[in-house]
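For reference, the structure is listed below as structure tokens.
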Amino acid sequence: MAGYILKRLLSAIPVLFGISVIVFVIMAMIPGDPATAILGSYATPENVEKLNRDLGLDKPMVQRYFIWLGNMVQGDFGRSFSLNRDVLDEVLDRFGATLILAGTSFVLCSILGVAAGVVSAARQYGLADKAITFAVLLGISIPSFFLGMMMILIFAVKLRWFPVSGMWPIYGARDVPALISHLTLPALALAVVATGVIARLSRSAMLEVLRQDFIRTARAKGVPERAVIWRHALRAAMVSIIPVLGVQAGFVLSGAVYIEMVFQWPGVGRMLVDAILQRDILLVQGGVVFVAACYVLFNIAVDVAQSLLDPRIKT
Amino acid sequence: MMDFLRLLARNRLAFAGLIVMGVVVALAILTPILPLAPPDVTNTANRFQPVLSEGAWLGTDHLGRDLLSRLMWGTRLSVAVGFAAALIAATLGAGIGIVAGFYGGRTDNIIMRGIDMLMAFPYILLALAIVAALGPGLMNALIAVAAVNIPFFARNIRGITVGIAHKEFVDAARLSGMKDARIILSEVLPNVIPVIVIAMSTTVGWMILETAGLSFLGLGSQPPQADLGSMLGEARSALITNPHTSVVPGAMILVIVMAINLLGDGVRDALDPRLKSGALSRPMPATKVDRKTIPYQGDNTDDSLLNIRALETQFHVKNRVYRAVGGVDLRVAPGQCLGLIGESGSGKSVTALSVMGLVASPPGVITGGAAYYKGEDLIGAPYKTLRALRGDRISYIFQDPLATLHPLYTIGDQLAEAIRVHHPVSRGEARARAVDLLKSVRIPNAESRANSYPHELSGGMRQRVGIAMALANDPDVIIADEPTTALDVTVQAQILSLLNDLRRERGLAIIFITHDFGVVAQLCDHVAVMYAGRIVEHGPTNDILRAPAHPYTARLMACVPELGQGRRELAAIPGLPPMVDQLPAGCAFAPRCDMASAACKTGDIALGTTQTGRAVRCLTPHTTAPVEVEV
Ligand code: SF4
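Protein chains in written order, with my numbering: chain A, 1 to 315; chain B, 1 to 631.
In structure tokens form, the structure reads like this:
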């Protein structure tokens, strides 16, 4: 197992490398002089020159790339001019908040989505199936930012069950109950789309598995139907559901950008949008590379989970 | 194409989506000539007019602009941008995919590596990076959304192209000296277009949502121009005081995306029949039973354990009815072994599975007959009764244990489960009994084997596990469905003798399904021959082996002379068994029978009984009477 994990980690290196190249190439598309773009309207000729020297912007592209990569590997993501702070520090701070939000949502959508898919498949064409299918259609069609706004309107403004926005109360203790009450609405809003997608795919994965011969064997053994569904069929269906979960984690992470805007959540997504509007290119670059790298590592964890579930995968 | 439209129209939800989308697109096209207020003229004195106010049906926004007008113009913009992004992504993605798939080798490798890298990003990061580089703006948002979706198309189309690139007609075109570009245009492209359409129909909704999202973040359309996303973004600050300004554009996005999703599902179902709903229906816990009459059990003095009477099982697929089992009577007593023999498709497995309600349903329906176990009718018995008997009193051994054992549980766990669902024993005890069971079917190193997964065992071992599972609760009846078909001769003989021993030792009743007379000869005291869902001959094994009375039995025996040669699928009988949805009138075997006469093809032929306990369904049976044979 340890060998397998190591192997997967090693295989991530070219992917990480590729990611850095892609980000670098995209950033190289910036029209005009990069130093001016990075410094924005604050640029003075001296500053531009200094930055050019610091970043090696006067050197050829390939050389510049490796300087940039070398700096990042050493933890130097550059300095954000709009915040006057090291990019990595800012990204790490913000990423924690995103992780809480997206992580909660991911757990929610995995559990709810799989459960809904299983129930839907088990009661195919029944009332529960139809209700879930409709809810799923609604869920995958509603823009999460619109849903978030409506949730604020109903549950925060009208019913006053939850705070309107933010991660912590402005006054008062920053404890777990406070976090949960702030987290509930954004986490739910963020989970809805992915729940729908997961439910849909879980349903079809379950239908596929329920036709298999080993399900008939379980029934022939006298296994109660509930256990046939939840123990035999779901376990086998998880083999095709888990990769979907991995993909959906990316969508949750993406959707977090909108939800962070709607709920004023101090996460990395809001940071990126602000940085783009401020044209703080280094901050955008650093944030994108960092989050993408984390996502690659997360997908390795998904692969490992898959190999734990399925003994037929060679580890 | 007409077929496609007809299929689409049959799907009511998709049709509704089509209509909604049609209306939206029509309105979007007509927006410039509709009598609407100018969308960008501000009138701060008139700001935040509520819905249904004078001169502004949907009210006005924070700058006093007419919401209805802005909604229409915004919809026009959002839909146009979404479709444009989808078209760009589809064109470029398909182009890349076709090139990669068509040329293969290094080209393919490099391109797909790049695509994989792009897909390693959470898509919005990529879109944000592109917008960050190009700067905010609707055009740049469009480019970003299109670019992010290219990998998805490229990967899909490549897969299809790889399949096509190796087809004969492409090879032929190559040999005839056609240029690659022409082959791609004339041979490959027409075949991938349906796939492109499916992929587009399922992603357009996404792209509209995504561009609206970027606009919502302030990175897309810039004021005063507004698509639905930026309308929502601008309305956000007034969400609490004037929610209607948010609800109007938000609901519009919802309606559009939902209509597209419905339509997309419909398009996919129509173009890709494999995914059509209904093709994938799950089998119920027990076969559906729909009996008109319940046959009388017969004399109660009968010593049989399992008594199947006039069983009829059908498959209802769409409007067609397949009569898989058309009135079968069978019985077994303790210690007896009954062979049920016939070609594949003769209905022998369905007969066996019907007993415990294990025929997949839908499409299976038991339409008649009964199966009495110790006097209790199992057909139509409540699920609870069936479940309690399944695997406990009556158990099955299936063919192909690689498919019939759960791939993700160890065989020890699967055996222990078989015990624990019927007996309240501890895990440890169930485990110990599982190991004992493995030993009793002569699996070496049973303790360590119990921790193996099915795929780690050989075919013979797996079959023994299947037998051990059937024996787990010391059942009264075992129904074995071709348990030796996939095995080689030695293993087959071992398993047969194992079953034979168990029958002697435990007084098991066995119904043994096979198409191999050699196997029947070794194990069974009685044999029933099935053809086209009915029993055509029935009697003591030795009698039938010596003097088959039905022409079909005689043919079957001629095909399979020796034990262990049974892997041939009886190809030696000329002709094929009839489709059970179009049985000929009269004798079902008539089209293949040498002795068929006109009379054979008219009336129904009864299963005639002779005084020696044999039964034959034939007008002119082979006449060697069994009494004349020395046993
Ligand atoms: S009834 Fe006629 S056709 Fe049928 S098996 Fe007998 S002889 Fe042949």
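For every residue, glycine included, the Cβ atom is placed at its ideal position computed from N, Cα and C.
Quick check: does the Cβ of residue i come within less than 7 Å of any heavy atom belonging to ligand 1?
i                 : result
HIS550 of chain B : yes
LEU498 of chain B : no
So, residue i versus residue j, is the Cβ gap smaller than 8 Å?
i                 : j                 : result
LEU487 of chain B : GLN463 of chain B : yes
VAL23 of chain A  : ALA144 of chain B : no
ALA238 of chain B : ARG158 of chain B : no
VAL148 of chain B : LEU126 of chain B : yes
ILE198 of chain B : ALA154 of chain B : no
ALA199 of chain A : ILE132 of chain A : yes
PHE517 of chain B : ILE397 of chain B : no
ASP525 of chain B : CYS337 of chain B : yes
ILE511 of chain B : VAL350 of chain B : no
PHE145 of chain A : VAL262 of chain A : yes
THR44 of chain B  : LEU63 of chain B  : yes
VAL41 of chain B  : ARG70 of chain B  : no
ALA191 of chain A : SER105 of chain A : yes
ALA237 of chain A : ALA205 of chain A : yes
LEU306 of chain B : GLY369 of chain B : no
LEU101 of chain A : ILE313 of chain A : no
LEU283 of chain A : GLU90 of chain A  : yes
PRO483 of chain B : GLN399 of chain B : yes
LEU498 of chain B : PRO454 of chain B : no
ILE180 of chain A : VAL164 of chain A : no
ARG506 of chain B : ALA549 of chain B : no
TRP265 of chain A : PRO186 of chain A : yes
GLU208 of chain A : PRO285 of chain B : no
SER254 of chain A : MET258 of chain B : no
Check distances from the C-beta atoms of the region 244–272 of chain B to those of chain A and list, in chain order, the residues that come in under 9 Å. SER246, VAL247, PRO249, GLY250, ALA251, ILE253, LEU254, VAL255, ILE256, VAL257, MET258, ALA259, ILE260, ASN261, LEU262 and ASP265
Chain-ordered residues of the region 224–237 of chain A with a beta carbon less than 8 Å from chain B: PRO224, GLU225, ALA227, VAL228, HIS232, ARG235 and ALA236
Could you name the residues whose beta carbon sits closer than 5 Å to any heavy atom belonging to ligand 1, keeping them in chain order? B:PRO551, B:CYS587, B:PHE589, B:ALA590, B:CYS593, B:MET595, B:ALA596, B:CYS600, B:CYS618, B:LEU619 and B:THR620
Please list, in chain order, the residues of the region 124–148 of chain A that have any C-beta partner in chain B closer than 9 Å. GLN124, TYR125, LEU137, LEU138, ILE140, SER141, ILE142, PRO143, SER144, PHE145, PHE146 and LEU147
Which residues of the region 202–215 of chain A have a Cβ closer than 8 Å to any Cβ of chain B? Give them in chain order. SER204, MET206, LEU207, GLU208, LEU210, ARG211, GLN212, ASP213, PHE214 and ILE215
Considering only residues of the region 80–107 of chain B, which uninterrupted alpha helix (DSSP H) runs meet the minimum length of 4 residues and lie entirely inside it, listed in chain order? none
Whole alpha helix (DSSP H) elements within the region 130–203 of chain A, 4-residue minimum: 144–151
Can you list, in chain order, the residues of the region 439–460 of chain B whose Cβ is nearer than 7 Å to any Cβ on chain A? TYR453 and HIS455
Chain A contacts from the region 418–442 of chain B (Cβ-Cβ distance under 7 Å): ALA418, VAL421 and HIS422
Curious, which full-length alpha helix (DSSP H) runs of at least 4 residues does the region 312–380 of chain B contain? 348–355
For the region 102–127 of chain B, which residues have a CB atom closer than 7 Å to at least one CB atom of chain A, in sequence order? MET117, LEU118, ALA120, PHE121, PRO122, TYR123, ILE124 and LEU125
Listed in chain order, which residues of the region 384–397 of chain B have Cβ atoms closer than 8 Å to some Cβ of chain A? ARG387, ALA388, LEU389, ARG390, GLY391, ASP392, SER395 and TYR396
Output needed in chain order: residues of the region 69–84 of chain B with a Cβ under 7 Å from some Cβ in chain A. none
Taking a Cβ distance cut-off of 8 Å, strictly less, list which residues of the region 180–205 of chain B are near chain A, in chain order. GLY205
Could you pull out every unbroken beta strand (DSSP E) segment of at least 3 residues lying fully inside the region 439–501 of chain B, listed in chain order? 477–481
Could you please tell me which residues of the region 341–361 of chain B, in chain order, have their CB closer than 9 Å to any CB of chain A? LEU353, MET356, GLY357, LEU358 and ALA360
Using Cβ-Cβ distances below 7 Å, what residues of the region 279–295 of chain B are close to chain A? LEU280, SER281, ARG282, PRO283 and PRO285
Between the region 277–295 of chain A and chain B, which residues of the former have a C-beta closer than 7 Å to a C-beta of the latter? LEU277, ILE281, VAL284, VAL288, VAL291, ALA292 and TYR295
Output the residue ranges of the alpha helix (DSSP H) runs that lie fully inside the region 4–29 of chain B and measure 4 residues or longer, sorted by chain position. none
Any residues in the region 396–412 of chain B with a beta carbon nearer than 8 Å to a beta carbon of chain A? Which ones, in chain order? TYR396, PHE398, ASP400, ALA403, THR404, LEU405, HIS406, PRO407, LEU408 and TYR409
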